[in-house]
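Numbering (this note's numbering), first residue to last: 22 to 177. Positions of the beta carbon are idealized from the N, C-alpha and C atoms, including for glycine. Okay, so here's the structure we're looking at.
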DNA sequence: GCCAACGTTGGC
DNA sequence: GCCAACGTTGGC
């Protein structure tokens with residue numbers, strides 16, 4: 022099973038909103054970055070777990086856990102001229118952008134602020150892409166070791 | 001609001 | 001293929 026971290030602004034895709042949805046499931050769409058696209062399309066599997074991270078807010082950090090319930094399929098918003106994420110260079114015959122569906126699992130027992138995660142940037146979380154300078158990926162892999170370490174932070 | 005970092009675009 | 005310009009991200 023794979024582990025991931027999904028980053029979004031809480032106003033755009035927030036954990037409380039997801040929890041309140043029917044089926045507590047939503048497409049993770051609007052990703053327009055090729056590196057992230059490749060992971061959505063090729064690597065994420067049903068059953069994989071992901072930390073949900075809130076960015077561009079008062080306290081950026083990991084707020085909960087979601088599960089992949091549908092594997093990569095074309096992101097419909099790219100074909101809609103009225104959609105924010107419309108891409109005129111894409112076509113249904115050869116879609117450029119993909120999305121997965123994720124389901125709410127749970128909130129963290131407490132939010133894990135970026136500032137706290139950073140204190141382990143030279144230790145157990147040294148290779149976590151989130152902590153690398155200038156990181157802008159909205160989808161990134163997490164190793165099993167990193168996953169377990171971050172989970173354990175909940176109880177501190 | 002500022003600014004550093006990054007990805008993308010487009011002229012050549 | 002290079003690289004400057006530009007737009008976006010995201011922490012602070």
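- prompt: Which same chain residues, not among the five before or five after residue 127, have their C-beta less than 7 Å away from its C-beta?
  reply: 85 and 86
message: With H, G and I counted as helix, E and B as strand and the rest as coil, what does DSSP make of residue 154?
response: coil
task: Give me the Cα-Cα distance between residue 120 and residue 109, rounded to the nearest whole angstrom.
output: 18 Å
field: Three-state secondary structure assigned by DSSP to residue 70
entry: strand
- request: Inspect the beta-carbon positions of residue 24 and residue 163 and report whether they are closer than 8 Å.
  value: yes
message: Let me make sure I understand the geometry here. Which of 175, 150 and 155 has the alpha-carbon closest to that of residue 26?
response: 150
- request: Tell me whether residue 30 sits in a helix, a strand or coil according to DSSP, three-state version.
  value: In the structure shown, residue 30 sits in coil (DSSP, three-state: anything other than H, G, I, E or B).
task: Select from 64, 72 and 47 the residue whose C-alpha is nearest the C-alpha of residue 169.
output: 72
field: Closest by C-alpha distance to residue 159, when choosing among 99, 58 and 134
entry: 58
- request: Take every Cβ of the region 90 to 99, pair it with every Cβ of the region 125 to 140, and state whether three or more of those distances are shorter than 8 Å.
  value: no
query: How many Å lie between residue 30 and residue 64 at the Cα?
result: Their backbone Cα atoms lie some 23 Å apart in a straight line.
- prompt: Alpha carbon to alpha carbon, how far is residue 143 from residue 152?
  reply: Their backbone Cα atoms lie some 10 Å apart in a straight line.
task: If I'm right that residue 124 touches residue 90 with Cβ under 8 Å, what's the distance once you round it to whole angstroms?
output: 5 Å
query: Run through DSSP, which three-state label would residue 101 get?
result: coil
message: With H, G and I counted as helix, E and B as strand and the rest as coil, what does DSSP make of residue 110?
response: coil
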